[in-house]
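*Asks:*
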Amino acid sequence: MKQPDYKRIYSDILNIKHSEKLSSCQPILNKQILSSTDVIRLNKIIFGTKENLHNQRHKSYNRTAIFEILAYQNTHKCNNSQLAKQFNLSRNTIAKWKKVFLI
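When we follow our numbering, the leftmost residue of the sequence shown carries the number 995, and every step to the right adds one.
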């Protein structure tokens, strides 16, 4: 399945609506391939963080994104609660990922 062209989507959003945030997003947009964590970072920079549970229901992560998130936990020495808060996930989701992919 082909992934959406996030570079083009976020570039258009920045050029049309949020041109003042273009300079802070440029290093991420200059990457050859955007990972899922890059897309999450861009989304936080552009739109900020809102507590909107309706938008959180249909998130999906591929295997590489899950490994990036779990690697982030190891490098930053976070527990499951801290990691869940950082990436706006459930602690149970993180525990399940650790069971399925690491152990």
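Cβ coordinates follow ideal geometry from the N, Cα and C atoms, glycine included.
Among S1054, I1027 and D1032, whose alpha-carbon lies nearest the alpha-carbon of S1018?
*Replies:* Sequence index remark: in the sequence shown, residue 1018 carries index 24 (1-based). Ranking the options by Cα distance to S1018, first place goes to D1032.
*Asks:* Is it the case that the Cβ atoms of N1074 and A1059 are separated by a distance below 8 Å?
*Replies:* Within the sequence shown, residue 1074 is the residue found at index 80, counting from 1. Within the sequence shown, residue 1059 is the residue found at index 65, counting from 1. No, they are not a contact pair.
*Asks:* Measuring only the C-alpha atoms, how far is I1039 from S1030?
*Replies:* Start at 1 with the first residue of the sequence shown, and residue 1039 comes out as number 45. Start at 1 with the first residue of the sequence shown, and residue 1030 comes out as number 36. Their Cα atoms are separated by approximately 14 Å.
*Asks:* Would you mind working out which of D999, R1085, W1091 and K1071 sits nearest L1023, comparing C-alpha positions?
*Replies:* Here residue 1023 corresponds to residue number 29 of the sequence shown, with the count starting at 1. For the residues D999, R1085, W1091 and K1071, the minimum Cα distance to L1023 belongs to D999.
*Asks:* Return the first residue and the last residue of the alpha helix (DSSP H) that V1033 is part of.
*Replies:* Locating residue 1033 in the sequence shown gives position 39, where the first residue counts as 1. From DSSP, the alpha helix (DSSP H) with V1033 extends over S1030 to F1041.
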